[in-house]
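Single-structure report; data block below.
Numbering (my numbering), first residue to last: -17 to 262.
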């Protein structure tokens, strides 16, 4: 090989070695559903990563919701506190939740990074766990006993149904309380874009299905029958309170395509409401 050829080869090799290495995005898998969906929601509202204080708080609440700080959440929060990040975020998947990965690149505002560092600590999780223990024992603050029942899952729904069957007046109170919970599930997403409406419908569908599943799993026909009818009536009542904007398809999704019309007719008769007051 000539001296000139050797020089060209050495120069090319030197240039190759001196070229900057492009790092692959950091991959974080197993992010739980609440945190993953919150990241989607914040990005839809604010694609540039310039999180507002409210959005930062929403994210922190999602991380702390289950009172556990798992490995995926720790890795995600640590990455978001860096001056810049390049992430591929994968959800903890199940048969009902199998979304595409999220790609997130850029940086959060200094105030958001500081809030994550100060708010997501072992002490904060311990305080949240203590608060949860206090709340599990009974109503707190200005909370009513019906509110207490609503936030204590299937056990609370059983108590709510037991309260409801004591009198027609108490049945109406319990139905309205449960309808308020379902309405809140629909309204927790702000905005009226197509994405917002899809999420609102999804949240309502999921909340109603959960209550009906809890009701049907209660022991004893008397208990589960009362809780089931209470949950069915609450779903329609929530739609009425929302002005009839819940799509008809949700009724077929939740009640089943073969039973929906029959069940709806029975509930409308129990409530004394016309068909046109429900759904779109």
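In this text, a Cβ means the ideal position worked out from N, Cα and C, and glycines have one as well.
Here the structure is a predicted model, which is why all the values come from computation and not from measurement.
DSSP state of residue i mapped onto helix, strand, coil
| i | result |
| --- | --- |
| residue 227 | coil |
| residue 69 | strand |
| residue 240 | coil |
| residue 76 | strand |
| residue 9 | strand |
| residue 218 | helix |
| residue 85 | strand |
| residue 203 | helix |
| residue 211 | helix |
| residue 178 | helix |
| residue 133 | coil |
Closest by C-alpha distance to residue i, when choosing among the options
| i | options | result |
| --- | --- | --- |
| residue 255 | 223, 234, 241 | 223 |
| residue 15 | 64, 49, 81, 29 | 81 |
| residue 189 | 208, 209, 203, 166 | 166 |
| residue 215 | 203, 202, 191, 231 | 191 |
| residue 54 | 10, 47, 25, 244 | 10 |
| residue 32 | 71, 51, 79, 93 | 93 |
| residue 225 | 168, 204, 104 | 168 |
| residue 135 | 195, 46, 26 | 195 |
| residue 71 | 150, 204, 58 | 58 |
Own chain, CB closer than 6 Å to residue i, minus 5 neighbours either side, in chain order
| i | result |
| --- | --- |
| residue 34 | none |
| residue 44 | 16, 17, 20 |
| residue 95 | 63 |
Spatial neighbours of residue i in its chain, beta-carbon cut-off 7 Å, leaving aside the 5 residues before and after
| i | result |
| --- | --- |
| residue 257 | 250 |
| residue 170 | 185 |
| residue 111 | 49 |
| residue 65 | 89 |
| residue 56 | none |
| residue 137 | none |
Contact check, residue i vs residue j, beta carbons under 8 Å
| i | j | result |
| --- | --- | --- |
| residue 266 | residue 212 | Outside the shown range of the chain (-17 to 262) lies residue 266, about which nothing can therefore be said. |
| residue 107 | residue 87 | no |
| residue 39 | residue 114 | no |
| residue 140 | residue 200 | yes |
| residue 74 | residue 13 | yes |
| residue 132 | residue 163 | yes |
| residue 28 | residue 22 | no |
Beta-carbon contacts of residue i that lie in its chain and below 8 Å, excluding the five residues immediately before and after
| i | result |
| --- | --- |
| residue 42 | 97, 98, 101, 102 |
| residue 30 | 88 |
| residue 248 | none |
Integer Cβ distance of residue i from residue j, believed to fall under 8 Å
| i | j | result |
| --- | --- | --- |
| residue 206 | residue 197 | 6 Å |
| residue 7 | residue 84 | That pair is no contact at about 11 Å. |
| residue 233 | residue 253 | Their Cβ separation, rounded to whole angstroms, is 14 Å, which puts residue 233 and residue 253 out of contact at 8 Å. |
| residue 208 | residue 143 | 4 Å |
| residue 235 | residue 187 | 6 Å |
| residue 219 | residue 158 | 7 Å |
| residue 177 | residue 26 | 5 Å |
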